[in-house]
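Trainee: Residues in the sequence shown are numbered consecutively from 14, following the numbering used here. For every residue, glycine included, the Cβ atom is placed at its ideal position computed from N, Cα and C. Pasting in a structure now, in structure tokens, and then I'll have a few things to ask.
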Amino acid sequence: MTDQAALLRVRKKLKDDFEFYSDSAVKIRTKDGNIKPFKINKAQKFALDKILAQWRETGKIRVIVLKGRQLGFSTLAENFIYWMVSQGFGKKAMVVTHHSDSTRALFDMVRRTHEMMPPLLKMATSYSSRRELVFDKLQSGYVVATASGDSGSLGRGETITHLHASELAFWPKSSAKEQWTGLIQAVPNSSDSVVIIESTANGFGNLYYDLWDKAVKGENEYLPIFIPWYWADEYRAPVSASFERTPEEEDLVRLYGLDNEQLQFRRYKIADSGREMFQQEYPMCPEEAFVTTGRPVFNPEQLVEMAKNAKAPLVRKALVGVPGKLTWENHARGELFCYTEHDPAEQYVIGADVALGVKDGDFSVAQVLDGNKQLVATWRGHVHPDYFGHVLAELGKFYNDARVIVESNNHGLTTLTKLRDLLYPNYYTEVSLDKVTESETVKLGFAVTVKTKPLIIDKLRASMREREIEIHDKTTLGELQTFIVTEEGRMEAEAGHHDDCVMALALANYVHEGRWQPIQNSEDWYVSAL
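Take a look at the structure:
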């Protein structure tokens, strides 16, 4: 009786405790080709703890993982899902990868786990093929598939209780969104359902980046989990007695605790594939993982540094009321992000980029700089151009009748006209001279043309290079990262991204005259006159 009770306790622990299960029952093929028990490493343990905590808290799993190369997360995910499905009734798992070779490799891993499972835990299969396992008595199954370049119909007409999207950043761009839509709609929003997305980065313009970015901002249900490369024990290389750290490497030691062998590994990889590719394949923080496909206009490393040091807004505000009676009020979902306290003695400048104001289109943006070129506030939203004039008028009043410069192109003229009609006292105008009649014409706002756009962007780039500007707004930093020089030589946002924050910031920086400071030496006229 005692032996039976002990057996039942072990069986229950195997069912309830994945770490105990993996250590006791799962066999994997290691990188050196040996078959060994699955011992969870540091990176896998970190991710597993996050996953289990979410499961306990919400009753389901929705995670998106950003990782370096070959850190073992796929091994964790496959065996974790097998553990759940092979012991549950009516479960169906689907694993979708970016390439047929990866599909075969992951299914071979699952098949190995199943075939080497101890008799006590090994469920009989009624069907087994090169891509599917069906557990006889449980009415559960496990299937793998490859994301194809065609639109396909993955998941349509099915119910998937456990979904693993592997290397989502590398799914074919032409069909990734449609295939993902079909898959995710097949997963019920029910207890114990699982969606695990994982990938190394592959630039900005893809479905994976969009999901990751929204997860970080709290705009979807996925828990973002980042796993850095230096948690892998094998990512190190021998060093010589003459090894000396560079100043940059000293910073990495201070920030991430790297040792010399890890630094040497990093040197070798950068020498092999270049710094940008190393950061994509072996990121140390999420910000440096995503690399643009074009030539970046602004220094990527500086932007990564700024993103790591960015602070959360002190408060968010919304403009409430009706025209004529508008006020700024604190609001958890307000469009105005304030990063410093308002200073009644400060001189502020506001740059504004105007959009049509339609949902899913470009944003209208206002960027507020103080006298030290610190970005103290960002307003970003979808409003009609005439109402944006009200927004800018109220924003300007709030910031001490700040000087407001508005792009006059397209819908900008509507916004400028509203600012003028509201009698806002301090907005930018241009004076043009007719060379024939010698008459002057006052034009509202700033016209961004093929000639003037490089002028304001180059000035912003110089201010960034000289570290004159301090930026904490993460949306702005993200747009600066994806602002590129295309193959045609145009400076604009990478495909699928926005540059409204960049243009508004460039305008504010263009008219910024710097902080006025009194002369302090003894030859001042007001001193000598005494």
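What residues match up with Gln192 in a beta bridge as DSSP calls it?
Mentor: Numbered from 1 along the sequence shown, position 179 holds the residue referred to as residue 192. DSSP output for Gln192 lists no bridge partner at all.
Trainee: For Phe33, count neighbouring Cβ atoms within 10 angstroms of its own Cβ and tell me buried if that reaches 16, exposed if not.
Mentor: On the sequence shown, position 20 is the one that residue 33 refers to. Exposed: under 16 other Cβ atoms inside 10 Å.
Trainee: Compare the Cα-Cα distances from Glu348 to each of Phe311, Gly307 and Gln380 and report the closest residue.
Mentor: By one-based count along the sequence shown, residue 348 stands at place 335. Residue Gln380 is the option with its Cα nearest to Glu348.
Trainee: Compute the beta-carbon to beta-carbon distance between Phe376 and Met477, rounded to the nearest angstrom, for a pair I have assumed lies under 8 Å.
Mentor: The count along the sequence shown starts at 1 and reaches residue 376 at position 363. The count along the sequence shown starts at 1 and reaches residue 477 at position 464. Going by Cβ atoms, the distance from Phe376 to Met477 rounds to 21 Å, so no, they are not a contact pair.
Trainee: Are there 16 or more other CB atoms within 10 angstroms of the CB of Tyr322, so buried, or fewer, so exposed?
Mentor: On the sequence shown, position 309 is the one that residue 322 refers to. Correcting the residue identity first, residue 322 is Asn in this sequence and not Tyr. Exposed: under 16 other Cβ atoms inside 10 Å.
Trainee: Roughly how many whole angstroms lie between the Cα atoms of Arg144 and Ala228?
Mentor: By one-based count along the sequence shown, residue 144 stands at place 131. By one-based count along the sequence shown, residue 228 stands at place 215. Between Arg144 and Ala228, the C-alpha separation is close to 31 Å.
Trainee: Can you look up Lys227 in the DSSP assignment and give me helix, strand or coil?
Mentor: Against the sequence shown, residue 227 aligns to sequence position 214. Helix.
Trainee: To the nearest angstrom, how far is the alpha carbon of Lys73 from that of Ser87?
Mentor: Start at 1 with the first residue of the sequence shown, and residue 73 comes out as number 60. Start at 1 with the first residue of the sequence shown, and residue 87 comes out as number 74. Computed Cα separation, rounded: 19 Å.
Trainee: Measuring only the C-alpha atoms, how far is Met14 from Leu20?
Mentor: Along the sequence shown, one-based indexing puts residue 14 at 1. Along the sequence shown, one-based indexing puts residue 20 at 7. With a pLDDT of 48 at Met14, under the threshold of 50, the modelled position of this residue cannot be trusted, and the question is left open.
Trainee: Mind reading off the beta-carbon distance from Phe278 to Tyr248? Whole number of angstroms is fine, and I expect it under 8 Å.
Mentor: Position 265 of the sequence shown, counting from 1, holds the residue named residue 278. Position 235 of the sequence shown, counting from 1, holds the residue named residue 248. Confirmed, Cβ separation roughly 5 Å.
Trainee: Could you pull out every residue in the same chain whose Cβ sits closer than 7 Å to the Cβ of Lys330, ignoring the five residues on either side in sequence?
Mentor: As a working mapping, residue 330 is identified with position 317 in the sequence shown. Once the five neighbours on either side are set aside, the close Cβ partners of Lys330 are Trp341, Glu342, Asn343, His344, Gly347, Leu349 and Cys351.
Trainee: Check this for me: beta carbons of Tyr364 and Ser421, under 8 Å apart or not?
Mentor: Position 351 of the sequence shown, counted from the start, is the residue given in the question as residue 364. Position 408 of the sequence shown, counted from the start, is the residue given in the question as residue 421. According to the sequence shown, residue 364 is Gly rather than Tyr. Taking 8 Å as the Cβ cut-off, Gly364 and Ser421 do not qualify as a contacting pair.
Trainee: Span of the alpha helix (DSSP H) holding His127?
Mentor: By one-based count along the sequence shown, residue 127 stands at place 114. Ser113 to Glu128 is the span of the alpha helix (DSSP H), which, as asked, contains His127.
Trainee: His111 and Trp193: beta carbons closer than 8 Å?
Mentor: The residue you call residue 111 lines up with position 98 of the sequence shown. The residue you call residue 193 lines up with position 180 of the sequence shown. Not in contact: His111 and Trp193 (Cβ atoms no closer than 8 Å).
Trainee: Quick check: what's the CA-CA separation for Ala542 versus Lys472?
Mentor: Taking the sequence shown and counting its residues from 1, one reaches residue 542 at position 529. Taking the sequence shown and counting its residues from 1, one reaches residue 472 at position 459. A caution first: Ala542 carries a pLDDT of 46, below 50, which makes its placement in the model unreliable, though a value can still be read off. For Ala542 and Lys472, the distance between alpha carbons rounds to 40 Å.
Trainee: Just how far apart, CA to CA, sit Asp62 and Val328?
Mentor: Position 49 of the sequence shown, counting from 1, holds the residue named residue 62. Position 315 of the sequence shown, counting from 1, holds the residue named residue 328. Going by the C-alpha atoms only, they are around 32 Å apart.
Trainee: Could you compute how far the alpha carbon of Val463 sits from the alpha carbon of Thr488?
Mentor: By one-based count along the sequence shown, residue 463 stands at place 450. By one-based count along the sequence shown, residue 488 stands at place 475. Cα-Cα distance, rounded: 25 Å.
Trainee: Indicate whether the contact test is met: 3 or more Cβ pairs, each with one atom in the segment 400-420 and one in the segment 487-504, closer than 8 Å.
Mentor: Not touching, per the Cβ criterion.
Trainee: Where Leu339 and Ala390 are concerned, what is the direct C-alpha to C-alpha distance, given to the nearest angstrom?
Mentor: Locating residue 339 in the sequence shown gives position 326, counting from the first residue. Locating residue 390 in the sequence shown gives position 377, counting from the first residue. Straight-line Cα distance between these residues: approximately 18 Å.
Trainee: Among residues of its own chain, excluding the 5 on either side of Met130, which ones have a beta-carbon nearer than 7 Å to its beta-carbon?
Mentor: Sequence index remark: in the sequence shown, residue 130 carries index 117 (1-based). The answer, listed in chain order, is Ala38.
Trainee: Who pairs with Lys466 in a beta bridge, going by DSSP?
Mentor: Walking along the sequence shown from the start, residue 466 turns up at place 453. For Lys466, which the question treats as bridged, DSSP gives no partner whatsoever.
Trainee: In three-state terms, what does DSSP make of Thr174?
Mentor: On the sequence shown, residue 174 is found 161 positions in, with the first residue counted as 1. Three-state DSSP puts Thr174 in coil, outside helix and strand.
Trainee: Excluding five sequence neighbours on each side, which residues of the same chain lie with their C-beta closer than 7 Å to the C-beta of Gly394?
Mentor: In the sequence shown, the residue the question calls residue 394 occupies position 381. Excluding sequence neighbours, Gly394 sits near Glu348, Phe376 and Ser377.
Trainee: Check Met504 in the structure and name its three-state DSSP category.
Mentor: To locate residue 504, count along the sequence shown from 1; it is residue 491. Strand, per DSSP.
Trainee: When the cut-off is 8 Å and only beta carbons count, does Asn219 lie next to chain C?
Mentor: Going by chain labels, chain C is absent from the structure shown, which holds only one protein chain.
Trainee: Do you know how far the Cα of Ser188 is from the Cα of Asp121?
Mentor: Locating residue 121 in the sequence shown gives position 108, counting from the first residue. Locating residue 188 in the sequence shown gives position 175, counting from the first residue. The straight-line gap from Cα to Cα measures roughly 26 Å.
Trainee: Which runs of the alpha helix (DSSP H) spanning at least 4 residues fall entirely within the segment 20-89, listed in chain order?
Mentor: Taking only runs of at least 4 residues, the alpha helix (DSSP H) segments lying wholly in the segment 20-89 are 31-38 and 55-71.
Trainee: Give me the DSSP bridge partner(s) of Cys351.
Mentor: Mapped onto the sequence shown, residue 351 falls at position 338. DSSP output for Cys351 lists Val328 and Ala390 as bridge partner(s).
Trainee: Where does Leu408 fall in DSSP's three states?
Mentor: Position 395 of the sequence shown, counted from the first residue, corresponds to residue 408. Of the three classes helix, strand and coil, the one that applies to Leu408 here is helix, per DSSP.
Trainee: Give me the Cβ distance between Leu84 and Phe239, rounded to the nearest whole Å; I'm assuming they're in contact under 8 Å.
Mentor: Counting from 1 along the sequence shown, the entry for residue 84 is found at position 71. Counting from 1 along the sequence shown, the entry for residue 239 is found at position 226. Leu84 to Phe239, Cβ: 11 Å. No contact.
Trainee: Quick one: Cα of Pro370 to Cα of Val455, how far?
Mentor: Taking the first residue of the sequence shown as 1, we reach residue 370 at position 357. Taking the first residue of the sequence shown as 1, we reach residue 455 at position 442. Contrary to the premise, residue 370 reads as Gly rather than Pro in this sequence. So the two alpha carbons sit approximately 27 Å from each other.
Trainee: Which whole-angstrom value is the C-beta distance of Ser212 and Glu180, which I expect to be below 8 Å?
Mentor: Here residue 212 refers to the residue found at position 199 when the sequence shown is read from its first residue. Here residue 180 refers to the residue found at position 167 when the sequence shown is read from its first residue. That pair is a contact at about 5 Å.
Trainee: How far does the alpha helix (DSSP H) with Glu314 in it extend, from its first residue to its last?
Mentor: Along the sequence shown, read from residue 1 onward, the residue named residue 314 stands at position 301. From DSSP, the alpha helix (DSSP H) with Glu314 extends over Pro313 to Asn322.
Trainee: Return the chain-ordered ranges of every beta strand (DSSP E) run that is complete within the segment 227-313 and spans a minimum of 3 residues.
Mentor: The qualifying runs are 236-240.
Trainee: Terminal residues of the continuous alpha helix (DSSP H) containing Gly364?
Mentor: Along the sequence shown, read from residue 1 onward, the residue named residue 364 stands at position 351. Run containing Gly364: none in the alpha helix (DSSP H); it sits in the beta strand (DSSP E), Val362 to Asp366.
Trainee: Kindly indicate the opening and closing residues of the alpha helix (DSSP H) around Tyr440.
Mentor: The sequence position of residue 440 within the sequence shown is 427, counting from 1. It is not in any alpha helix (DSSP H) - Tyr440 carries neither H nor E in the DSSP assignment.
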